[in-house]
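**Student:**
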Amino acid sequence: MPMVPNFLCLSILYGILLRHIVITEPLIGRGIHMVKSKQFPFIALITEKSDGTVPIKHICTGSLITNDYVVTAAKCLKSVWESNLQVIFGSTDPLSEEYKKCDVSSLTTFKIWCQNQGKCTFKDDSDDIGLIKLSEKMNDLAKPSVAFHANINAGSKVRVFGWGLTKGDVYPEKPTNTWMSILGEKDCKEKAELFLPNCMKFTLSSRLSCVASDSAVLAKDADWGGPVLDQYGFLMGIIIRRCPMFGFDFESRNQFNLVLRLDDFKEFINSVTDDNELYLNSKI
6 MPMVPNFLCL SILYGILLRH IVITEPLIGR GIHMVKSKQF PFIALITEKS DGTVPIKHIC
66 TGSLITNDYV VTAAKCLKSV WESNLQVIFG STDPLSEEYK KCDVSSLTTF KIWCQNQGKC
126 TFKDDSDDIG LIKLSEKMND LAKPSVAFHA NINAGSKVRV FGWGLTKGDV YPEKPTNTWM
186 SILGEKDCKE KAELFLPNCM KFTLSSRLSC VASDSAVLAK DADWGGPVLD QYGFLMGIII
246 RRCPMFGFDF ESRNQFNLVL RLDDFKEFIN SVTDDNELYL NSKI
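Using the numbering used here, the first residue of the sequence shown is number 6, and each one after it goes up by one.
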């Protein structure tokens with residue numbers, strides 16, 4: 006039996022170990038991790054339909070809140086038709102046992118709902134959420150409870166999820182997440198002024214909170230609408246934008262992300278979903 010060269014044995018062993026490390030340690034960036042298998046199955050990827058010959062286009066992230074409704078940022082639903090959209094859960098790999106794909110039945114935004122109700126005013130298009138009705142129910146997927154009156158103060162930790170580009174400008178197979186801290190109003194305004202006019206002007210209100218991390222993580226386009234969970238696992242808001250919006254320095258610790266809180270959207274979500282299960286979900 007011929008002897009196998011030592012360097013060949015070492016190369017094979019190194020390859021096996023490297024593959025194991027990549028699979029078992031899904032670290033994507035500084036403080037950003039890919040979710041583990043079957044963890045947080047409610048996170049949704051909103052994409053354009055694909056015939057499989059080209060990579061799917063990541064549009065936005067969302068969260069399943071009932072068996073057949075996903076909440077996301079309204080700006081993700083502009084200039085698109087529900088017939089051209091699909092929602093993916095679990096993994097973008099069709100061969101994965103976690104992969105679930107569903108067509109979209111209808112789209113509704115808070116702004117349109119307000120106009121139809123004729124009883125509420127609307128100030129800013131970016132300060133808006135959207136609800137996607139799925140063509141079938143996802144009964145077997147766990148969902149987070151919605152915190153319409155979350156007790157979130159400056160310094161509180163929140164967990165932010167997204168399916169957008171990673172630092173290497175590649176789309177992950179599974180959603181990623183990281184921990185961030187809520188900034189106080191004064192701190193947020195001071196940071197925003199550093200980037201003017203780069204940073205969009207906005208008015209802090211009960212709907213908006215600023216979040217940042219020590220590792221200066223900024224959301225990217227397909228992260229918009231990504232769920233934000235409080236430390237108890239309740240869904241308290243969604244990511245809607247970052248500051249600065251462009252030309253940012255990844256080493257800067259003054260940058261932050263904006264979270265649209267769900268506090269003022271209770272009536273809208275309740276009316277559209279018409280589903281008591283929204284309040285029966287257990288914490289993650």
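Glycine residues also receive a C-beta, built at the ideal position from the N, C-alpha and C atoms.
Would residue 140 pass as a contact of residue 108 if the rule is Cβ separation under 7 angstroms?
**Tutor:** Within the sequence shown, the letter at position 135 stands for residue 140. Within the sequence shown, the letter at position 103 stands for residue 108. Yes.
**Student:** Please determine, among 135, 264, 175, 161, the residue with the shortest C-alpha to C-alpha distance to residue 60.
**Tutor:** Here residue 60 refers to the residue found at position 55 of the sequence shown. Residue 60 has its Cα closest to that of 175, out of 135, 264, 175, 161.
**Student:** Unbroken beta strand (DSSP E) runs of length 3 or more, entirely within the stretch 160-237: which are they?
**Tutor:** Listed in chain order, they are 162-167, 181-187, 213-217, 232-235.
**Student:** Which residue wins for smallest C-alpha separation from residue 160, given the options 188, 180, 148, 137?
**Tutor:** Counting from one through the sequence shown, the residue named residue 160 turns up at place 155. When each option's Cα is compared against that of residue 160, the closest is 188.
**Student:** Residue range of the beta strand (DSSP E) that residue 102 falls in?
**Tutor:** Here residue 102 corresponds to residue number 97 of the sequence shown, with the count starting at 1. It is not in any beta strand (DSSP E) - residue 102 carries neither H nor E in the DSSP assignment.
**Student:** Classify residue 214 as buried or exposed, calling it buried when 16 or more other Cβ atoms lie within 10 Å of its own Cβ.
**Tutor:** For the purposes of this step, residue 214 is taken as the residue at position 209 of the sequence shown. That one is buried.
**Student:** Kindly identify the DSSP beta-bridge partner or partners of residue 39.
**Tutor:** Sequence index remark: in the sequence shown, residue 39 carries index 34 (1-based). Residue 39 is bridged to 181.
**Student:** Taking the alpha carbon of residue 50 as the point to measure from, which residue in 115, 179, 145 has its own alpha carbon closest?
**Tutor:** Mapped onto the sequence shown, residue 50 falls at position 45. Measuring from the Cα of residue 50, the nearest candidate turns out to be 179.
**Student:** Helix, strand or coil, according to DSSP, for residue 141 in the structure here?
**Tutor:** Numbered from 1 along the sequence shown, position 136 holds the residue referred to as residue 141. Coil at residue 141, not helix or strand.
**Student:** Would you check if there are 3 or more beta carbon pairs closer than 8 angstroms linking the stretch 90-110 to the stretch 258-274?
**Tutor:** No, they do not touch.
**Student:** Comparing alpha-carbon positions, which option in 153, 158, 88 lies nearest residue 190?
**Tutor:** On the sequence shown, residue 190 is found 185 positions in, with the first residue counted as 1. Checking every option, the nearest Cα to that of residue 190 belongs to 158.
**Student:** Please determine if the stretch 89-97 and the stretch 38-49 are in contact, where contact requires at least 3 C-beta pairs separated by less than 8 angstroms.
**Tutor:** Short answer: they touch.
**Student:** Tell me whether the beta-carbon of residue 43 lies closer than 7 angstroms to the beta-carbon of residue 52.
**Tutor:** On the sequence shown, position 38 is the one that residue 43 refers to. On the sequence shown, position 47 is the one that residue 52 refers to. No, the Cβ-Cβ distance between residue 43 and residue 52 is not below 7 angstroms.
**Student:** Given a threshold of 16 other Cβ atoms within 10 Å of its Cβ, counted over all protein chains shown, does residue 229 qualify as buried or as exposed?
**Tutor:** As a first step, residue 229 must be located in the sequence shown, where it is residue number 224. Answer is buried; the Cβ neighbour count reaches 16.
**Student:** Please return the same chain residues whose Cβ sits closer than 7 angstroms to the Cβ of residue 31, not counting the five positions on each side in sequence.
**Tutor:** Taking the first residue of the sequence shown as 1, we reach residue 31 at position 26. For residue 31, the predicted model reports a pLDDT of 45, less than 50, meaning its position is unreliable; a value from the coordinates is still stated below. Around residue 31: 38, 39.
**Student:** So which of 143, 170, 217, 135 has the shortest CA-CA distance to residue 82?
**Tutor:** Here residue 82 refers to the residue found at position 77 when the sequence shown is read from its first residue. Nearest C-alpha to residue 82: 135.
**Student:** Would residue 222 and residue 163 qualify as a contact pair, given that the criterion is a beta-carbon distance under 7 angstroms?
**Tutor:** The residue labelled residue 222 in the question sits at position 217 within the sequence shown. The residue labelled residue 163 in the question sits at position 158 within the sequence shown. Not in contact: residue 222 and residue 163 (Cβ atoms no closer than 7 angstroms).
**Student:** Closest by CA to residue 147, which one among 263, 56, 170, 71?
**Tutor:** On the sequence shown, residue 147 is found 142 positions in, with the first residue counted as 1. Minimum Cα distance to residue 147 is reached at 71.
**Student:** In angstroms, rounded to a whole number, what distance separates the CA positions of residue 186 and residue 248?
**Tutor:** Along the sequence shown, one-based indexing puts residue 186 at 181. Along the sequence shown, one-based indexing puts residue 248 at 243. Each residue's alpha carbon lies about 15 angstroms from the other.
**Student:** By how many angstroms is the C-alpha of residue 142 removed from the C-alpha of residue 74?
**Tutor:** By one-based count along the sequence shown, residue 74 stands at place 69. By one-based count along the sequence shown, residue 142 stands at place 137. C-alpha separation (whole angstroms): 8 angstroms.
**Student:** By DSSP, does residue 92 sit in helix, in strand, or in coil?
**Tutor:** Your numbering for residue 92 matches position 87 in the sequence shown. Three-state result, residue 92: strand.
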